[in-house]
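Asks: First the structure, which I've put down as structure tokens, then a few questions once you've had a look.
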């Protein structure tokens, strides 16, 4: 179902420029949802007045947009992996363009809110497919690290651009959606011209040491997935539709229930919250248990059937989120860290906006201008993060980013509202985006640790994490802010404008303390679980080769296999360190071979696993080198004909 059509030759970029256009189109398109969130944050009061929303309903367009976006992210990641990432990405851009134009001309509240939800589905298609395209089609190395840095920069930059334009065009909100539609058309055309077809690898032209041009290319077959033939043969039957229903309905009910907690008078005690949140949580738990069952059944079928039986099994269902993905090294801890840090960032940014408009009584345009320092610092942090990803341990990048987040929260809490901008909020704007310094490393590490076949799924899980963090953070902070503000009002029993501002400020400071608590929780999690992550860029460099990255990836995996099977009493090179315990990089290399669809016999054919004679010379048993596989004679004929040894029978 992927769009596997190339544009005319004269529209295709050159070999040298194509990788840059791929990164530009993917990163540019992923800016659009963040741009809308930023624009709505500032412009919602003006939009609400024009379409007939009450002040209590102003947040609903953005709430519904984020709700649908988050609810369909997991499904879109599975769709991208099953039906093609290029096709899902182009569909997402087209969807954004069409429904942005529709929203520009709607002037009634109910259709506007409903159409905002429809627009969120297009946004959900972009991020997982874009992450998967970058993770699978680009060869490992500095260029790929920079591509992930560009993806990380897209979200904060898009949000800040939206804040600025939302202040400028808030009274003519249709301009905001026209800008989004035009940008979607531009990035969509660029993506159609340059994005790789499904399974295609991007060639990067590099200048060698002697001035000649070298090629870095990801070699390999169109589908390196062990189950790819099954999933591509009958995607409609193989897709986990029941799991998708459980996941989507659970996410919608859970997130919608949390959203009601911020608008209902009784808050968390209101009927929609106490009914929808437990039901949504139960559905998500049921989804996890269902995925465990699906993976168990699939594993039993694959393990008990020969290859011919597997090929003719058209309805072999693959789990939407394989539970084994959580066993990838540090993946769950990394997502939890992203959750807490993103919760703090979005919550504090929201209350900075309210601080400017409710406490200091600034206009939307003046508010937008005061957010401008975030653009420069956010770009700097992403560029610096991409530069340091192969030089500094991700552990220290994460610690420095979270330290900046704690600093911004504390300044927000203790600053004097009567002080000048440069004495308080300016420093909040500087420090609040320090977390962007580790976002490229986090995305890069997530794709490596789960393997290339699941890179789109990793991207969708990343974005689901950020959407859940935003909704839960705003709901919890709203409840705390409302409680503190009401308590302050009752204790002072005055209704003067000054007392109103003081009450609001007390509530905002309480929200700041909530951000401090979550950030400190993230710091504790990092210290306990992510100390051994290491330099993420060096994991990528270990997978590079002169002609293809998979050769060295397998070499590192073969070395890791040798280390894990060597008796612990042996120590290489006399260094005195035990070799029985694999490093984190070794674990990832072995996981990519064992768990993520690269069969041992396929690796042998592609000269990734050393032939038998070489294996014995290096002291490896053949069954170890083939990760438990067997060599079917005659090996020579199998290698010459390009047929995997098992398939030569």
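Numbering (the UniProt record's numbering), first residue to last: 1 to 649.
Beta carbons: idealized from backbone N, C-alpha and C, even for Gly.
If I follow the unbroken alpha helix (DSSP H) through residue 400, where does it start and stop?
Replies: Start at 1 with the first residue of the chain shown, and residue 400 comes out as number 400. Its alpha helix (DSSP H) spans residues 394-414.
Asks: Have a look at residue 350 and residue 296 and give me their C-alpha separation to the nearest angstrom.
Replies: As a position in the chain shown, residue 350 is number 350, starting the count at 1. As a position in the chain shown, residue 296 is number 296, starting the count at 1. Roughly 43 angstroms between the two C-alpha positions.
Asks: Is residue 130 close to the ligand SAM? I mean its beta-carbon at under 7 angstroms from any heavy atom of the ligand.
Replies: Among the ligands in the structure shown, none appear at all, so the ligand SAM cannot be discussed.
Asks: Where do the N-terminal and C-terminal ends of the alpha helix (DSSP H) with residue 328 fall, by residue?
Replies: Position 328 of the chain shown, counting from 1, holds the residue named residue 328. Where residue 328 is concerned, there is no enclosing alpha helix (DSSP H), given that its DSSP letter is neither H nor E.
Asks: First and last residue of the alpha helix (DSSP H) that includes residue 357?
Replies: For the purposes of this step, residue 357 is identified with residue 357 of the chain shown, where counting begins at 1. First-last for residue 357: undefined, no H or E at that position.
Asks: Quick one: give me the first and last residue of the alpha helix (DSSP H) that residue 172 is part of.
Replies: The residue labelled residue 172 in the question sits at position 172 within the chain shown. It is not in any alpha helix (DSSP H) - residue 172 carries neither H nor E in the DSSP assignment.
Asks: With DSSP run on the structure shown, which of helix, strand or coil describes residue 30?
Replies: Looking up residue 30 in the chain shown gives position 30. Helix at residue 30.
Asks: From 401, 403, 417, pick the residue whose C-alpha is nearest to that of residue 502; which is it?
Replies: Counted from its first residue, the chain shown places residue 502 at position 502. Checking every option, the nearest Cα to that of residue 502 belongs to 417.
Asks: Below 8 angstroms on the Cβ atoms is my guess for residue 291 versus residue 243; work out the distance and round it to an integer in Å.
Replies: By 1-based counting over the chain shown, the position of residue 291 is 291. By 1-based counting over the chain shown, the position of residue 243 is 243. About 6 angstroms separates the two Cβ atoms, so the contact holds.
Asks: Using the beta-carbon count (16 or more within 10 Å), is residue 275 buried or exposed?
Replies: Indexing the chain shown from 1 puts residue 275 at position 275. Exposed.
Asks: Give me, in chain order, the residues of the same chain whose beta-carbon lies closer than 6 angstroms to that of residue 322; leave out the 5 immediate sequence neighbours on both sides.
Replies: Position 322 of the chain shown, counted from the first residue, corresponds to residue 322. Counting only Cβ-Cβ distances below 6 angstroms, and skipping sequence neighbours, we find 295.
Asks: Since residue 379 is in the alpha helix (DSSP H), which residue starts that stretch and which ends it?
Replies: Within the chain shown, the letter at position 379 stands for residue 379. Per DSSP, residue 379 belongs to the alpha helix (DSSP H) from 373-388.
Asks: How far does the alpha helix (DSSP H) with residue 122 in it reach, from first residue to last?
Replies: Taking the chain shown and counting its residues from 1, one reaches residue 122 at position 122. Per DSSP, residue 122 belongs to the alpha helix (DSSP H) from 109-137.
Asks: Can we say the segment 68-87 touches the segment 464-472, given the rule of at least three CB pairs closer than 8 angstroms?
Replies: These segments touch.
Asks: Let's see if you can read the secondary structure: which residues bound the alpha helix (DSSP H) around residue 255?
Replies: Along the chain shown, one-based indexing puts residue 255 at 255. Residue 255 -> alpha helix (DSSP H) spans 241-261.
Asks: To the nearest angstrom, report how far apart residue 118 and residue 63 are at their CA atoms.
Replies: The count along the chain shown starts at 1 and reaches residue 118 at position 118. The count along the chain shown starts at 1 and reaches residue 63 at position 63. Looking at the two C-alpha atoms, the distance is approximately 12 angstroms.
Asks: Helix, strand or coil for residue 140 per DSSP?
Replies: In the chain shown, counting from the first residue as 1, residue 140 sits at position 140. Of the three classes helix, strand and coil, the one that applies to residue 140 here is coil, per DSSP.
Asks: Is the segment 506-515 in contact with the segment 362-376, if contact means three or more CB pairs nearer than 8 angstroms?
Replies: These segments do not touch.
Asks: Do the CB positions of residue 394 and residue 438 come within less than 8 angstroms of each other?
Replies: Working through the chain shown from its first residue, we reach residue 394 at position 394. Working through the chain shown from its first residue, we reach residue 438 at position 438. Contact: yes.
Asks: Between which two residues does the alpha helix (DSSP H) carrying residue 69 extend?
Replies: One-based indexing of the chain shown puts residue 69 at position 69. Residues 60-71.
Asks: Judging by CA-CA distance, which residue of 79, 160, 143 is the nearest neighbour of residue 40?
Replies: In the chain shown, residue 40 corresponds to position 40, counting from 1. Answer by Cα proximity: 160.
Asks: Between 391, 115, 397, 377, which lies nearest to residue 426 when the distance is taken from Cα to Cα?
Replies: Looking up residue 426 in the chain shown gives position 426. Measuring from the Cα of residue 426, the nearest candidate turns out to be 377.
Asks: Going by Cα to Cα distance, which pick from 146, 255, 259 is closest to residue 380?
Replies: Position 380 of the chain shown, counting from 1, holds the residue named residue 380. Looking at the Cα atoms, 146 is the closest of the given residues.
Asks: How would you label residue 436, buried or exposed, when you count the other beta carbons within 10 angstroms and need 16 or more for buried?
Replies: The residue labelled residue 436 in the question sits at position 436 within the chain shown. Answer is buried; the Cβ neighbour count reaches 16.
Asks: With C-beta atoms as the reference, is residue 514 less than 8 angstroms away from residue 347?
Replies: Numbered from its first residue, the chain shown carries residue 514 at position 514. Numbered from its first residue, the chain shown carries residue 347 at position 347. Cβ atoms of residue 514 and residue 347: closer than 8 angstroms.
Asks: When the Cα atoms are used, what is the spatial distance from residue 553 to residue 397?
Replies: Indexing the chain shown from 1 puts residue 553 at position 553. Indexing the chain shown from 1 puts residue 397 at position 397. Caution applies to residue 553, whose pLDDT of 36 falls short of 50 and renders its modelled position unreliable; the model cannot decide the point.
Asks: Can you tell me whether DSSP reads residue 465 as helix, strand or coil?
Replies: Position 465 of the chain shown, counting from 1, holds the residue named residue 465. Three-state result, residue 465: helix.
Asks: What's the gap between the Cα of residue 267 and the Cα of residue 260?
Replies: Working through the chain shown from its first residue, we reach residue 267 at position 267. Working through the chain shown from its first residue, we reach residue 260 at position 260. Their backbone Cα atoms lie some 7 angstroms apart in a straight line.
Asks: On the three-state DSSP scale, how would you describe residue 532?
Replies: As a position in the chain shown, residue 532 is number 532, starting the count at 1. Here residue 532 sits in coil by DSSP.
Asks: Give the DSSP-derived three-state secondary structure of residue 16 in the structure shown.
Replies: Your numbering for residue 16 matches position 16 in the chain shown. DSSP places residue 16 in coil when its eight states are reduced to three.
Asks: Give the secondary structure of residue 495 by DSSP, where H, G and I count as helix, E and B as strand, and everything else as coil.
Replies: Counting from one through the chain shown, the residue named residue 495 turns up at place 495. The answer is coil: DSSP assigns residue 495 none of H, G, I, E or B.
Asks: Work out the CA separation of residue 191 and residue 111 for me, nearest whole Å.
Replies: The residue labelled residue 111 in the question sits at position 111 within the chain shown. The residue labelled residue 191 in the question sits at position 191 within the chain shown. Roughly 31 angstroms separates the two Cα atoms.
Asks: Quick check: residue 131 and residue 458, are their CB atoms within less than 8 angstroms of each other?
Replies: Within the chain shown, the letter at position 131 stands for residue 131. Within the chain shown, the letter at position 458 stands for residue 458. In contact: residue 131 and residue 458 (Cβ atoms closer than 8 angstroms).
Asks: Spatial neighbours of residue 489 within its chain, please: CB distance less than 7 angstroms, with the 5 preceding and 5 following residues excluded, ordered by chain position.
Replies: As a first step, residue 489 is located in the chain shown; it is residue number 489 there, counting from the start. Excluding sequence neighbours, residue 489 sits near 503.
Asks: Cβ of residue 658 within 8 angstroms of Cβ of residue 129?
Replies: Because the chain in this structure spans residues 1 to 649, residue 658 falls outside the shown range and cannot be described.
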